[in-house]
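Below you'll find the structure, written out as structure tokens, and then a few comments.
Protein chains in written order, with the working numbering: chain W, 541 to 824; chain L, 541 to 824; chain C, 541 to 824; chain P, 541 to 824.
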């Protein structure tokens, strides 16, 4: 992976955006190695992600940010400029299920996914051994159903304390308080099962089995105050047949969950996801 | 396709079903060329589909049916015995959209799907040309929103009159009256779009677009009085990205719809679908 | 589909390409509604597809082409500028199999795919009825195995004569002479089955069945002198199981073939495919 | 998972097989909970997998085996009768790549896959830590390119010594000697990349990238003396685009590899795979 600066922005659409951004980059000798643009005709909004080779510029990230500030201001951009060589700090939150965690740890350890694990937080102690084997700090924060707030205060304190940018709910199984979601807006990533049609209420896999669905899916999304209604980053499904019992559906669901979470997290870590309204643009 | 008699049945599960059925076939010299069994542990129910080579039996379908009647009775079977060489008579119902109809007609004409088209019924005249090119009878039955019953009475009359077994709603876009669904129970096949999550209400593709879904799907199911809630025969999805406008979602949805409908219809025509409660066993 | 001019080009990569192209568009008031860029690091090559709203420019296509000529020359671009409102003229070539043809005709008729059908050429008369129903000109050109050249001379004459840009081999089943491929370089689109692993020689479906493959695929590609080795536009697969006989594999293969051909043709018609060496960039 | 005895057999096809097998089971009070049959018309061969509830039989596995011996002999069956409660003993062989190993260990630890790990063998020491964290025995057996035989003699000795039934090459990257393959016939499971078309020779991912393939796949198969030509158990693919560099293809390939290996291994562990000639019947 070559060293680049990533410019990610969205703004009201108008003539000349690409050109003005390009001019600014080129004037400073910047070499664009990748660029994606998308304009949403419905609401006249423009989205862009541009990678500039870091060594083509005669200055550092901060200077690039300064040079872009006036244009960003003029065009009403939501702009981030990010150094591809700086790993994001991520807090992993887990419960008892291992499939997503084991998968992410292997991808992290083998450098397939590029990020720092600030720590792991869990309401159970089950995953401590695996996490400590990988040399990670593990916080056991009990979330008691009659008294959730103190628990989540501690979670928030830990996250703040370790300067994490991103929180990954790797089958955490607890509802994150709205205030925490807002504080880390579009930085909290969740994975949950999905079906066609959707099943509301308890034991969705049992409902899906009774209904005889032929596909089992998973959705990776940002967590907002509306629980599982946040912007979708990635989805996939797997085929199932009548011969699958409920526990087979659950097992097959796990495979999709971990794959979809890993893909969604990758898109997030590489700054490929732009949120607008309740939907996303994902530049793959 | 070799000539077989297909035994399709479901019944309460117990020891010895397969054996007793097999005995009866074998005693008469029957050669089982294919057999699928499934037992649903939750509700202790047994499902089976067996193909016997027609020329291995010294008698005709009717005799086979007679010989099985006592056992079917004893084991409380829902049993059908079907001649694979007898094409099912199908009524196609369409509106203005051509994609499912054109696809089915080509599969029928090229003998990829084996069935007779009794006639085509539509609330519009748009598809008359294509149907008549293929030599099919075309009924234009106006369904008026203030006065649906007379229209559907005519539909019912036509269907009854042509001895159809199966009705395929190939994007018919009208709600079939519950009485007609009941009369042709598990014989009326529909195709409709599906999303993860589901979108209730009008303009689902617009909702899906606003929500930024990454998959677009379709479900083929039997129509029951509960509209789109009937037993699912087949489902599939296709990937979409942010670059797809609403009309692209619709277009991609069409591709899934026609493929899923064709697969579901094939399973139905080959007597591979057994309905139990609100779900299906599909022996592929 | 809004009216745009599409600029499609590839050239040696260097600093400032996007900016210089963007400048030229913006100076003339052009509004970029979509843009995709890709640079291939291995061979330092740059690819781009830009859509400019036609009504944002004060002149016609020819003037735009003139204005771009010097820059294209300077940057060694392979550049095309295309009017999205001008349908490409396509010759369809078919044999006896109907699945791809029926599918394409429905997509064309329903305006899902935007192109003109100059004519249909076939070495058999089987498809004449369907084509004439759709109001198309149908040429029956016999290709005799001992005397192919005269047949293909006639084909070439017909194609030249109707000013076709694109030739679609919709299961034509004959090898196009290298000279004709060269004359219509990257304009002749073919669809053929694909397997993992590949099977060389006769009756590939029989080989695939004997080998017990679990996937059946199709590849849509440009035809070059190296037969089925040309640049790949699109591929897909479908799952199969041991219960599928050879004829089931063939049938499932047809479904993939027609879907993949339609997707590949769409990419071609919308000028989304750029060929470089023996591979393609497809901007979806 | 309920406790069953699994009867898996294949034999020349003839009238009455299912019935005679069923009779024998039923006479002894056996309750068939699942049954799959398949007959291959081409070569007149019959395949079957039957699960009988263990507690419906008044005797143990050995007695069941004895009672079936005469029928198996008479019908020329290749018959195995297996206790579902007895985990298979598996040797995992790995090199430096972690993705398949980490995935299998998590599936094993979480009891998603039911088997015993006899030990792990590797030609490198890299995976020792993870394996020992999971409490597994790890053998570092150097395979030297000039002197492979002593290394593989040691491997064979270890495998024999620990009474393993199954060997899983989880990206082992070394060619297993034919003699060892023969000794553990249809018990050595491998996973390798697959492409459409296939690429012969070195660096297949580089070849695939140069050719611009749109799908990357993996094949799980039994290892035979013909290297990667053994009977296929499972396959799958993932879509790729031109924006994927060689290292992205490799990364996406890993995801398919580990999923396909896990699915293939599950089928093997549950005795769902029957090999005939060079192909498999997989009863899912």
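Just so it is clear, CB atoms sit at the ideal spot from N, CA and C, and this is done for glycine as well.
Would residue i count as contacting chain P if we go by Cβ distances under 7 angstroms?
i, result
"residue 562(L)", "yes"
"residue 637(L)", "no"
"residue 748(W)", "no"
"residue 548(L)", "no"
"residue 732(C)", "no"
"residue 662(L)", "no"
Please state whether DSSP places residue i in a helix, a strand or coil.
i, result
"residue 584(P)", "coil"
"residue 615(L)", "coil"
"residue 802(C)", "helix"
"residue 595(W)", "helix"
"residue 638(C)", "coil"
"residue 725(C)", "coil"
"residue 602(W)", "helix"
"residue 674(C)", "coil"
"residue 562(C)", "helix"
"residue 777(C)", "strand"
"residue 609(L)", "helix"
"residue 733(L)", "strand"
"residue 574(W)", "strand"
"residue 556(L)", "coil"
"residue 631(L)", "strand"
"residue 686(W)", "coil"
"residue 654(L)", "coil"
Which whole-angstrom value is the C-beta distance of residue i and residue j, which I expect to be below 8 angstroms?
i, j, result
"residue 759(C)", "residue 772(C)", "6 angstroms"
"residue 572(C)", "residue 590(C)", "6 angstroms"
"residue 738(W)", "residue 737(L)", "5 angstroms"
"residue 824(P)", "residue 751(C)", "About 19 angstroms separates the two Cβ atoms, so there is no contact after all."
"residue 653(L)", "residue 812(L)", "Not really, about 13 angstroms apart at Cβ, beyond 8 angstroms."
"residue 588(L)", "residue 549(L)", "6 angstroms"
"residue 662(W)", "residue 713(W)", "In fact, because the Cβ distance is near 10 angstroms, the residues do not count as touching under 8 angstroms."
"residue 608(C)", "residue 615(C)", "10 angstroms between Cβ atoms; not a contact."
"residue 676(L)", "residue 660(L)", "5 angstroms"
"residue 482(C)", "residue 568(C)", "Residue 482(C) lies beyond the stretch modelled for chain C, which goes from 541 to 824, so this question has no answer here."
"residue 796(C)", "residue 777(C)", "7 angstroms"
Under 7 angstroms, do residue i and residue j count as touching if we go by C-beta distance?
i, j, result
"residue 821(P)", "residue 706(P)", "no"
"residue 640(P)", "residue 710(P)", "yes"
"residue 632(C)", "residue 708(C)", "yes"
"residue 774(W)", "residue 803(W)", "yes"
"residue 544(P)", "residue 592(P)", "yes"
"residue 756(L)", "residue 809(L)", "no"
"residue 732(W)", "residue 768(W)", "yes"
"residue 691(C)", "residue 562(W)", "no"
"residue 655(L)", "residue 627(L)", "yes"
I'd like to know whether the C-beta of residue i is nearer than 7 angstroms to at least one C-beta of chain C.
i, result
"residue 744(P)", "no"
"residue 756(W)", "no"
"residue 650(L)", "yes"
"residue 544(W)", "no"
"residue 820(W)", "no"
Tell me, please, whether the CB atom of residue i is closer than 7 angstroms to any CB atom in chain L?
i, result
"residue 556(P)", "yes"
"residue 739(C)", "no"
"residue 823(C)", "no"
"residue 566(P)", "yes"
At the 7 angstroms Cβ level, is residue i part of the contact set with chain W, yes or no?
i, result
"residue 779(P)", "no"
"residue 751(L)", "yes"
DSSP has residue i in a bridge; who is on the other side?
i, result
"residue 787(L)", "None; residue 787(L) has no bridge partner."
"residue 551(L)", "586(L)"
**Asked** Taking any Cβ of chain B, which residues in the region 587–620 of chain L have a Cβ under 8 angstroms from it, in chain order?
**Response** No chain B appears in this structure, whose protein chains are W, L, C and P.
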